[in-house]
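Peer 1: Let me begin by handing over the structure; questions about it come next.
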Amino acid sequence: MNSTSTTQAPPLPTLPKLLAGQKALVTGANSGIGKAVALAFAKAGADVAINYVAGDDAAQEVVEAAKAEGVKAAAYKADVADEGQVEDMFKQAIAAFGTLDILVSNAGLQRDAAIESMTLDQWHKVLSVNLTGQFLCARAAIREFKRRGVRPEISRAAGKIICMSSVHQTIPWAGHVNYASSKGGIMQLMESLAQECAPDRIRINSIAPGAIRTPINTTAWDTPEAYDKLMQLVPYGRIGEPEDIGHVAVWLASDHTDYIVGSTIFVDGGMTLYPGFSTNG
Ligand code: BGC
Numbered sequence: 056m057n058s059t060s061t062t063q064a065p066p067l068p069t070l071p072k073l074l075a076g077q078k079a080l081v082t083g084a085n086s087g088i089g090k091a092v093a094l095a096f097a098k099a100g101a102d103v104a105i106n107y108v109a110g111d112d113a114a115q116e117v118v119e120a121a122k123a124e125g126v127k128a129a130a131y132k133a134d135v136a137d138e139g140q141v142e143d144m145f146k147q148a149i150a151a152f153g154t155l156d157i158l159v160s161n162a163g164l165q166r167d168a169a170i171e172s173m174t175l176d177q178w179h180k181v182l183s184v185n186l187t188g189q190f191l192c193a194r195a196a197i198r199e200f201k202r203r204g205v206r207p208e209i210s211r212a213a214g215k216i217i218c219m220s221s222v223h224q225t226i227p228w229a230g231h232v233n234y235a236s237s238k239g240g241i242m243q244l245m246e247s248l249a250q251e252c253a254p255d256r257i258r259i260n261s262i263a264p265g266a267i268r269t270p271i272n273t274t275a276w277d278t279p280e281a282y283d284k285l286m287q288l289v290p291y292g293r294i295g296e297p298e299d300i301g302h303v304a305v306w307l308a309s310d311h312t313d314y315i316v317g318s319t320i321f322v323d324g325g326m327t328l329y330p331g332f333s334t335n336g
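This note's numbering numbers the first residue of the sequence shown as 56 and each following residue consecutively.
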């Protein structure tokens with residue numbers, strides 16, 4: 056089987072309009088997984104607010120690509136770790152779109168270092184964007200979902216939140232303790248919030264991606280050697296593409312999954328099956 060870094064999975068099936076009439080805010084949406092989620096939502100009929108923190112042109116390109124699908128789209132520059140900026144962004148997006156039905160808390164980053172050289176800044180940066188950012192955005196979204204309540208003609212739920220986690224909410228990751236801790240934290244944030252908000256018909260779940268072809272992990276896939284080494288961790292034998300996550304996010308935000316509450320959906324080609332054990336142990 057050809058397993059070089061250029062191997063592309065065949066295209067996914069066309070998305071049905073599962074989110075017609077809904078309004079979504081996606082954080083970190085001008086590249087990688089966030090961009091793919093925003094564009095999949097647009098294809099599924101949702102209006103999309105594109106959050107980003109740097110890269111105005113890239114954000115504008117996502118806005119234009121979303122609009123080309125026939126939905127409303129606008130870009131909002133805000134640091135998800137900053138309370139004031141998050142509050143302003145939600146105020147503006149709600150004013151522009153009328154309300155919000157879906158939040159995808161996707162913004163995240165890595166600042167990798169061995170423990171003895173990891174700085175406090177590297178620790179704080181990752182925890183504040185990856186975890187505090189999800190808290191701030193979830194709080195703002197939940198306030199709006201509760202204010203508005205269920206509109207049965209739009210969705211069975213008053214609102215949906217998808218937390219972008221990682222296989223590293225479960226799999227320990229040497230050299231990345233800040234990142235793994237942030238993702239472990241997201242698991243408890245998501246489950247505790249899901250428990251708290253389910254009575255208000257707010258569905259909160261996570262997607263835990265494995266290795267996806269995005270800028271965050273370029274060195275893990277951009278040479279044939281790196282790609283082949285990565286494949287030792289992926290039983291399905293290919294890297295994930297951002298669209299793999301986008302399509303799952305559409306489904307998880309739609310009423311097709313109305314009874315999924317507080318779950319983590321692993322989208323990882325089997326990475327969490329611990330493939331090292333297939334020939335060992
Ligand atoms: C990380 C990637 C990594 C993947 C699998 C993700 O959460 O951001 O850098 O390739 O997990 O280890």
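The C-beta atom is built at its ideal place from N, Cα and C for all residues, glycine as well.
Could you pull out every residue in the same chain whose Cβ sits closer than 7 angstroms to the Cβ of T312, ignoring the five residues on either side in sequence?
Peer 2: W306, listed in sequence order.
Peer 1: Secondary structure at L191, three-state DSSP: helix, strand or coil?
Peer 2: It is helical.
Peer 1: Using CA coordinates, which residue listed in A114, Y107, V159 is at the minimum distance from F96?
Peer 2: Out of A114, Y107, V159, V159 has the C-alpha closest to the C-alpha of F96.
Peer 1: How close, in whole Å, do the beta carbons of R256 and A212 come, if the pair is a contact with beta carbons under 8 angstroms?
Peer 2: Yes, they are in contact, since the Cβ atoms of R256 and A212 sit about 5 angstroms apart, within 8 angstroms.
Peer 1: From the DSSP output, read off the bridge partner residues of P264.
Peer 2: V322.
Peer 1: How should N260 be labelled, buried or exposed, when 16 other C-beta atoms within 10 angstroms of its C-beta is the threshold for buried?
Peer 2: Its Cβ being crowded by 16 or more others within 10 Å, N260 is buried.
Peer 1: Quick check: the region 189 to 202 against the region 108 to 119, are at least 3 beta-carbon pairs closer than 8 angstroms?
Peer 2: No: the two stretches stay apart, fewer than three of their Cβ pairs being nearer than 8 angstroms.
Peer 1: I need the boundaries of the beta strand (DSSP E) containing I105, first residue and last residue.
Peer 2: First-last of the beta strand (DSSP E) with I105: 102 to 107.
Peer 1: Starting from Y131, follow the alpha helix (DSSP H) in both directions and report where the run begins and ends.
Peer 2: That residue, Y131, is in no alpha helix (DSSP H); its beta strand (DSSP E) goes 128 to 132.
Peer 1: For G292 and G265, which I take to be in contact (beta-carbon distance under 8 angstroms), what is that distance rounded to the nearest angstrom?
Peer 2: Not confirmed; about 12 angstroms, so no contact.
Peer 1: With DSSP as the reference, please indicate the residues paired to I216 in a beta bridge.
Peer 2: DSSP output for I216 lists L158, I259 as bridge partner(s).
Peer 1: Buried or exposed: which applies to L175, given that a residue is buried once 16 or more other Cβ atoms fall within 10 Å of its Cβ?
Peer 2: Exposed, since its Cβ has fewer than 16 Cβ neighbours within 10 Å.
Peer 1: For D137, which three-state DSSP category applies?
Peer 2: D137: coil per DSSP, three-state reduction.
Peer 1: The ligand BGC and H179: does any heavy atom of the ligand fall closer than 7 angstroms to the residue's C-beta?
Peer 2: It does not: the Cβ of H179 is nowhere closer than 7 angstroms to a heavy atom of the ligand BGC.
Peer 1: Less than 7 angstroms between the CB of S221 and some heavy atom of the ligand BGC, yes or no?
Peer 2: Yes.
Peer 1: Looking at K78 and T154, is the spacing between their C-beta atoms short of 8 angstroms?
Peer 2: Against a cut-off of 8 angstroms, the Cβ pair of K78 and T154 comes out as a contact.
Peer 1: Given that a residue counts as buried once 16 or more other Cβ atoms are within 10 Å of its Cβ, and exposed if not, what is D102?
Peer 2: Buried, because 16 or more other Cβ atoms sit within 10 Å of the Cβ of D102.
Peer 1: Can Q165 be considered in contact with the ligand BGC, in the sense that its beta carbon sits closer than 7 angstroms to one or more heavy atoms?
Peer 2: It does: the Cβ of Q165 is within 7 angstroms (strictly closer) of some heavy atom of the ligand BGC.
Peer 1: Can you find a heavy atom of the ligand BGC that lies under 7 angstroms from the Cβ of A95?
Peer 2: The answer is no for A95.
Peer 1: Give me whichever residues DSSP pairs with G295 in a beta bridge.
Peer 2: DSSP output for G295 lists I267 as bridge partner(s).
Peer 1: Between which two residues does the alpha helix (DSSP H) carrying V118 extend?
Peer 2: Where V118 is concerned, the enclosing alpha helix (DSSP H) stretches over 111 to 122.
Peer 1: Can you have a look at S221 and say buried or exposed, based on whether 16 or more other CB atoms are within 10 angstroms of its CB?
Peer 2: Flag for S221 reads buried.
Peer 1: Could you tell me the distance, in whole angstroms, from the CA atom of K180 to the CA atom of I197?
Peer 2: Going by the C-alpha atoms only, they are around 25 angstroms apart.
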